[in-house]
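Heads up, the sequence shown is in my numbering, so the first residue is 1 and it goes up one at a time. Taking it in order: structure first as C-alpha cells, then the write-up.
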Amino acid sequence: MTNIYLLPFEENYILIDTGVKKREPAFFAFLNRHDIVPDKIDYIFLTHTHYDHTGGISLIKEMSHAKIMVHTKEAGYLRQGFTPVPRGSRASTKVVAFLGRHFFKNLNRYTPTEPDIVWEDEPYHPEPFPAQAIHTPGHTSGSSTLIWKEKMAFVGDTLFGIEKEDCFPWFVNDTETLGKSWEKLLDSSCEMFYPAHGKPVTRARLERSYRKHFRS
Ligand SMILES: [Zn+2]
C-alpha cells in the first residue's frame, strides 16, 4: 500500500517513512533477511505525517533509536498522532476523503510521536548522508522530498506512480502550491522520482504531467 525506502550510506541508513500500521513485523523481517541491525538506521525521514506513512513509527523508533526528521509544518500533527484527511483531487477520491473526514476518523490515527529534528530552513542536510531535504508542499502543507546523491528524489505523495502516465496525486490540499513544488523538483538535477504509492516516475513523465495540469 505504501512504499518505504531504506537508503544505505557507508555502514548506516536513512529510512523514508514507516508505512501503514501493523506492518512493522514485515519490516523487521526484511532487515533480518538482509543482516541489517535496526540500530544502523540513523534517521527516519518523514515525507509527511499521514497515517499510511507513520504507521510503524513508534516501534521502529524504539528499536532503531533513529532520529525522526520532520518539516516544522507537520510536527504538531506527529505529536498529536493525527493529520487531517487530505482533499480528494478527483470524483472518486473526493468521496474517499469525505468518508474519511466524517465516518472513519479513527482510521487516520497513529501513535503520537515526538520528533527529534524539526527542520524548516532548506535544504536540510542530515549529516553525513549525501542527502538534502527540501520542502515540497501541496499534498499537505509540510510535505517534503529527500534528494539522494543529487539524482534520486523520494517524494512521498507529491507525485503518485499508480497510473501509467499521469502522476498527479489523488489527494491534494493545495493544487497551486503543488505546481510550485513540481517546478522545484523539475529544477533539481533528479532524473527519477520515487513516490510512496506506485512505481518510480521518470523526469519525462513528470514534465508531461506538469504540462497537462499546470500549463493548459
Ligand atoms: Zn499522504
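Just so you know, even glycine gets a beta-carbon here, dropped at the ideal spot from N, CA and C. Remember, it's a predicted structure, so these values are computed and weren't measured experimentally.
Heavy atom of ligand 1 within 7 Å of residue i beta-carbon
i	result
residue 154	no
residue 71	no
residue 171	yes
residue 86	yes
residue 50	yes
residue 53	yes
residue 139	yes
DSSP state of residue i mapped onto helix, strand, coil
i	result
residue 147	strand
residue 81	coil
residue 96	helix
residue 12	strand
residue 135	strand
residue 66	coil
residue 157	coil
residue 198	strand
residue 76	helix
residue 102	helix
residue 211	helix
residue 6	strand
residue 51	helix
residue 168	coil
Test item: CB-CB of residue i and residue j under 8 Å
i	j	result
residue 72	residue 110	no
residue 77	residue 49	yes
residue 212	residue 174	no
residue 66	residue 115	no
residue 162	residue 125	no
residue 16	residue 154	yes
residue 9	residue 130	yes
residue 182	residue 90	no
residue 24	residue 60	yes
residue 39	residue 58	no
residue 2	residue 44	no
Beta-carbon proximity list for residue i, same chain, < 7 Å, skipping 5 on both sides
i	result
residue 143	47, 48, 136, 137, 156, 157, 158
residue 188	147, 153
residue 200	161, 192, 193, 194
residue 101	85
6 Å Cβ shell around residue i - same chain, five flanking residues per side excluded
i	result
residue 105	none
residue 120	72
residue 83	49, 50, 77
residue 218	The structure shown does not extend to residue 218, since the chain is modelled only from 1 through 216, so no value can be given for it.
residue 81	109, 110, 111, 112
Residues near residue i by beta carbon distance below 8 Å, same chain, minus five either side
i	result
residue 79	112, 113, 114, 115
residue 97	85, 86, 87, 88, 171
residue 95	88
residue 210	179, 182, 183, 186
residue 107	51, 100
Distance cut-off 7 Å: residue i Cβ against heavy atoms of ligand 3
i	result
residue 157	Ligands displayed in this structure: ligand 1; ligand 3 is not among them.
*Please determine if the segment 155-168 and the segment 190-199 are in contact, where contact requires at least 3 C-beta pairs separated by less than 8 Å.*
yes
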